[in-house]
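Step one of this worksheet: look at the structure below.
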Amino acid sequence: MTPRKRAATSRLGAICTAISRLPRGTGTLIFLMIWEVLARISASSFVIAAPSQILDYSLTHAGLLWRAFITTLWAAARGFFWGNLAGILLALVATLLPRSERLVSTLALLVFCLPLVATGPILRVLFGPGDGPQVTLAALAVYYTTFLPVLVGLRAAPQGWFDLIRSYGRGRLIILRDVRLPAALPYAVAGFQIAAPAAFLGAMVGEFTGAERGLGVLTVRALRALDLPATWSIALLAAGVSICTFSAVGALGRRLDLAPPEVLLAAPVGNPSSRWTGAAQAFLALTVTLSVWHVAMQAYDLPRFFAKRPWDVWRFLTSDPAARAQLFAALSETLSLALPGYLAGLALGAALAMLLTLMPRLSATAIPFAIALRSIPIIASAPLIVWALGRGATGTITVVAVMIFFPTLVACRQGLARTPRAVLDIFAVYASSPIRRLFGAQLPAMLPAFFASARMAIPAAILAVTTAEWLATGRGIGALMATVASTSDYNMLWSAIALIGFAAVMSHALVSMLERWVLSRTNPEQLAR
Amino acid sequence: MTFLKPTRRLFLGGALSTAGVALWHPTRARAEDAVNLQLSWLHSVQFGGSYIALDKGLWRDAGLAVSLLPGGPNAPVEPPVVAGTALVGISAADYTAAAVSQGAPFKIIAVAMQKNPFTIASLPGKPVKTPADLIGKRIGMALANTPVLKALCTINNIDISQIEIVPTQYDAAPLVQGQVDCLLCWATDLPVAMEMQGVESVTMLLADHGYAVHSQTYITTEDSLANRRAELVALMRGEVHGWQDYQADPEAAAELTVAMFPDAGLDLATQKLQAERQVPLMFSDLTEAEGFGWFTDEAIAANIETLALLGTPVSPDLWDRSILEEVYG
Chain G
1 MTPRKRAATS
11 RLGAICTAIS
21 RLPRGTGTLI
31 FLMIWEVLAR
41 ISASSFVIAA
51 PSQILDYSLT
61 HAGLLWRAFI
71 TTLWAAARGF
81 FWGNLAGILL
91 ALVATLLPRS
101 ERLVSTLALL
111 VFCLPLVATG
121 PILRVLFGPG
131 DGPQVTLAAL
141 AVYYTTFLPV
151 LVGLRAAPQG
161 WFDLIRSYGR
171 GRLIILRDVR
181 LPAALPYAVA
191 GFQIAAPAAF
201 LGAMVGEFTG
211 AERGLGVLTV
221 RALRALDLPA
231 TWSIALLAAG
241 VSICTFSAVG
251 ALGRRLDLAP
261 PEVLLAAPVG
271 NPSSRWTGAA
281 QAFLALTVTL
291 SVWHVAMQAY
301 DLPRFFAKRP
311 WDVWRFLTSD
321 PAARAQLFAA
331 LSETLSLALP
341 GYLAGLALGA
351 ALAMLLTLMP
361 RLSATAIPFA
371 IALRSIPIIA
381 SAPLIVWALG
391 RGATGTITVV
401 AVMIFFPTLV
411 ACRQGLARTP
421 RAVLDIFAVY
431 ASSPIRRLFG
441 AQLPAMLPAF
451 FASARMAIPA
461 AILAVTTAEW
471 LATGRGIGAL
481 MATVASTSDY
491 NMLWSAIALI
501 GFAAVMSHAL
511 VSMLERWVLS
521 RTNPEQLAR
Chain R
1 MTFLKPTRRL
11 FLGGALSTAG
21 VALWHPTRAR
31 AEDAVNLQLS
41 WLHSVQFGGS
51 YIALDKGLWR
61 DAGLAVSLLP
71 GGPNAPVEPP
81 VVAGTALVGI
91 SAADYTAAAV
101 SQGAPFKIIA
111 VAMQKNPFTI
121 ASLPGKPVKT
131 PADLIGKRIG
141 MALANTPVLK
151 ALCTINNIDI
161 SQIEIVPTQY
171 DAAPLVQGQV
181 DCLLCWATDL
191 PVAMEMQGVE
201 SVTMLLADHG
211 YAVHSQTYIT
221 TEDSLANRRA
231 ELVALMRGEV
241 HGWQDYQADP
251 EAAAELTVAM
261 FPDAGLDLAT
271 QKLQAERQVP
281 LMFSDLTEAE
291 GFGWFTDEAI
301 AANIETLALL
311 GTPVSPDLWD
321 RSILEEVYG
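In order, the protein sequence lines correspond to chains G and R.
Position 235 of the first sequence, counted from 1, bears residue number 235 in the UniProt record's numbering, the numbering being contiguous throughout.
Position 268 of the second sequence, counted from 1, bears residue number 268 in the UniProt record's numbering, the numbering being contiguous throughout.
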């Protein structure tokens, strides 16, 4: 580290300590006062609610908010349970039957990509009145972000341990019990942490499919009534519960005393699968996807009017060139905005995770803020973002980055904490600087988690960009889907879904290739089968 | 918390659900022993007449167990009616026409809103009082409603390319904040919200400028019309009575709505204003003469003309008066 850099670091440290020496709560008080004044000044343009108004609304409507909160929380809790269970089981299947991994991850990705405009009506027809759709949508919102980290965790063990158990003639199940599951536990905790706000948000959004009560219902009502204090009270409640569950899961993880593992030594692996097996697997994934799609709809006897089968989509796309052109134009417009948002969100999340290892004090402020950003429904936060950034590309890219940034941050932080202790000891022995330790030891340990988040950010980016297009910009495939859903053009809707799914799978393959290329140099244990 | 107890049954259920299909046996809506009426939006006084019918036991006395299913932003009315989850749904002629063109077997059996509730709301400083005022303005609207604006422009000889369309959803904030000059919305919705927030607005009802599309229409399938007539007649008879009571005292309907749905976050003053604003849209000389929900052949012809402009041509047999004739017969 150069002297100038060191001086800069120490100056930053001095500012941090100066702030921390202020009496407890002063910062919060100043923050609230600025907020209050800003809200009062801008009252006529209905952008932000003042803290005093929020407090007033929450107190006068405490009973209503409480009942709605409990309703949504109960649906979210069940969705959290089922979704995480599903994510873990999927990861186990993919680990125990390595040949199925490609298929399992493709299906998991595709189901995660299904948009609410398509799943909402189907779930409502399947479940009828009640909170079935809410629970299902909460579960659908979490299983993928648990599946990926757990899959990484199940492999995060030294090669020598597998060899040891195999040399005793024991099989996969023993390896699973004694090596893989303990290694996966910390990764599962990170998955649960990401899942907590997602489940709550999923349950709220699930209420848009026609629910009697809940915080999602109140959000829609408050937005339409231009009732800012109500909107903000609900948003703060959603953010609050997400922060609490996030911290509770984290505390639980620490109670389990998840010490960093030993050095993960593994033999370098080449590329075992030939081009032909790759093609065969892709073909298999396609066939199974189409069959599952068709058979599931047939099994539940869903009317063809709104539940289009693969064959309907194929016929529509091949028979209507105008629709095809419209669809591809919309998709390319969407992807051109999703990509910069995706990269920005990933970079921000990883950068903040690294920054927080250098300055752990900052995390007390940064983490709750990051959770809040993720747990407020986009339809409630979109008006604010649009007001601040406009309806152009900047607003859309920001929405995408915001949605991706949080899971990336959590996963990367968890990855950083998994740096083998022995490696850290070596750096300590040589009295290396924190920066050097970060880039020499912790960054390589973070990479598997980073790539897992890069993969789980693909569907998240698609979801965010289509929502922003629907709510604010009115362009791209998100707006197209919203329009055709309201005019019952379900052929176009399902064609759009199929196309989005295809784009997601392709992007996933691209990220996987990059991941393989990097990890084969830094973390070969992830590629060993 | 019970969800943390990993019982064997829960485990099995989870394992099944990971198979990629939700294998919980979903409880199909109780369509067999009861009748569901699918509303088009969240509970509010918009459906006040139905609540009166339910509250007074009009359906129960006729041997019908009616459930009123709320709608929402992602709850289109057409799928549950096609699937049979709901016997009747509350839609609008344009949505129904679009669904029929996609193969849905719908019939409109009654019309709650004789006048279409679409309005263009603007601020007094820059008002839109006639369609010609739209030229050069920025209009905020849900994109799905673009055909509505197109039809209005065609009827009134206005070049739509001279209007800037800004996609907005759900709230009046873009108008109040000056992002747009006017909003395409329901007369009973955002203008009411603005008035409750102390924001004065100017409204121009599309129905007063040639836009004739029946709204809040009762739709059912051809199959139900053929095979479940008795239930349909009983359901509509309750609706008719409920809405007659509503007309007599909209305020009481607003009070009943707020009392019936304490968890819906409804505000009584807002509901009363909304209840009052929808009366002139639902009741007219025609309903005085023929009764709530009625429609004439002339009205159907006018609808067909506007729907053709919306790009969804329909034939007169989309409307079916036979249920109403039995109700009033």
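For every residue, glycine included, the Cβ atom is placed at its ideal position computed from N, Cα and C.
Quick caveat: nothing in here was measured; it's all calculated off a predicted structure.
Residue i at chain G interface by Cβ criterion, 8 Å
i	result
GLU325(R)	no
PRO80(R)	yes
GLN197(R)	yes
residue 332(R)	In this structure chain R extends from 1 to 329, so residue 332(R) is not present and cannot be described.
ARG28(R)	For ARG28(R), the predicted structure reports a pLDDT of 42, less than 50, and the residue's modelled location is therefore unreliable. The matter cannot be settled from this model.
ASP33(R)	Any reading at ASP33(R) needs caution, since the residue's pLDDT is 46, under 50, leaving its predicted position unreliable; the model's value is listed next. By this cut-off, ASP33(R) is not an interface position.
ARG8(R)	For ARG8(R), the predicted structure reports a pLDDT of 44, less than 50, and the residue's modelled location is therefore unreliable. The matter cannot be settled from this model.
ALA65(R)	no
VAL21(R)	Reliability of the predicted coordinates at VAL21(R) is poor, the pLDDT of 39 falling under 50, and the value obtained from them is presented with this limitation in mind. So, interface residue.
With 16 other Cβ atoms within 10 Å as the buried cut-off, status of residue i
i	result
ARG391(G)	buried
residue 530(G)	There is simply no residue 530(G) to check, as chain G begins at 1 and stops at 529 in what is shown.
TRP311(G)	exposed
ILE109(R)	buried
VAL66(G)	The displayed chain sequence assigns Trp, not Val, to residue 66(G). Looking at its Cβ environment, which holds fewer than 16 other Cβ atoms inside 10 Å, TRP66(G) is exposed.
PHE369(G)	exposed
ALA93(R)	buried
SER44(G)	exposed
ALA29(R)	Below a pLDDT of 50, predicted positions are generally treated as unreliable, and ALA29(R), at 40, falls in that range; the measurement from the model is reported next regardless. With 16 or more Cβ atoms within 10 Å of its Cβ, ALA29(R) is classed as buried.
ALA307(G)	buried
GLN162(R)	exposed
Under 8 Å between C-beta atoms of residue i and residue j
i	j	result
PHE118(R)	TYR211(R)	yes
GLU333(G)	GLY72(R)	no
ASN74(R)	GLY27(G)	no
MET297(G)	ARG315(G)	no
THR220(R)	THR96(R)	no
ALA239(G)	ILE497(G)	no
THR357(G)	GLN442(G)	yes
PRO229(G)	ALA49(G)	yes
GLY153(G)	ALA203(G)	no
Beta-carbon proximity list for residue i, same chain, < 7 Å, skipping 5 on both sides
i	result
THR408(G)	GLY345, LEU346, GLY349, ALA350, SER453 and ALA457
THR7(R)	For THR7(R), the predicted structure reports a pLDDT of 46, less than 50, and the residue's modelled location is therefore unreliable. A value from the coordinates is still provided. Nothing meets the Cβ criterion.
VAL249(G)	VAL189, PHE192, GLN193 and ALA196
ASN39(R)	Reading off the sequence, residue 39(R) comes out as Leu, not Asn. Excluding residues within five positions, the ones whose Cβ falls inside 7 Å are PHE47, LEU68, LEU69, PRO70, GLY71 and ILE90.
LEU148(G)	ALA452, ARG455 and MET456
ALA338(G)	VAL400, ALA461, ILE462 and VAL465
LEU114(G)	ILE497
Close Cβ partners of residue i (< 6 Å) along its chain, the five nearest in sequence each way excluded
i	result
ASN145(R)	LEU184
CYS153(R)	ILE160
GLY214(G)	ALA68, THR71, THR72 and GLU207
ALA302(R)	ALA212
SER101(R)	THR312
ARG413(G)	ALA353
Identified DSSP bridge partners for residue i
i	result
residue 330(R)	The structure shown does not extend to residue 330(R), since chain R is modelled only from 1 to 329, so the question has no answer here.
PRO167(R)	MET141(R)
GLN38(R)	LEU69(R) and GLY89(R)
TRP494(G)	None, per the DSSP bridge assignment.
MET113(R)	SER215(R)
LEU205(R)	THR119(R)
TRP319(R)	ILE108(R)
THR221(R)	PHE106(R)
CB contact below 8 Å: residue i versus chain R
i	result
ARG213(G)	yes
GLU207(G)	yes
SER247(G)	no
ILE474(G)	According to the sequence provided, residue 474(G) is Gly. The question's Ile does not apply to it. It does: the Cβ of GLY474(G) has a partner Cβ on chain R nearer than 8 Å.
GLY270(G)	Residue placement at GLY270(G) cannot be trusted, given a pLDDT of 48 that sits under 50; what the coordinates show is reported in the next sentence. No, GLY270(G) does not count as interfacial toward chain R.
TYR490(G)	yes
Cut-off 8 Å between Cβ atoms - residues of its own chain near residue i, not counting five sequence neighbours on either side
i	result
LEU206(R)	ASN116, PHE118, THR119, ILE120, VAL148 and LEU152
LEU64(G)	LEU218
LEU225(R)	LYS107, ILE109, LEU232, ASP320, SER322 and ILE323
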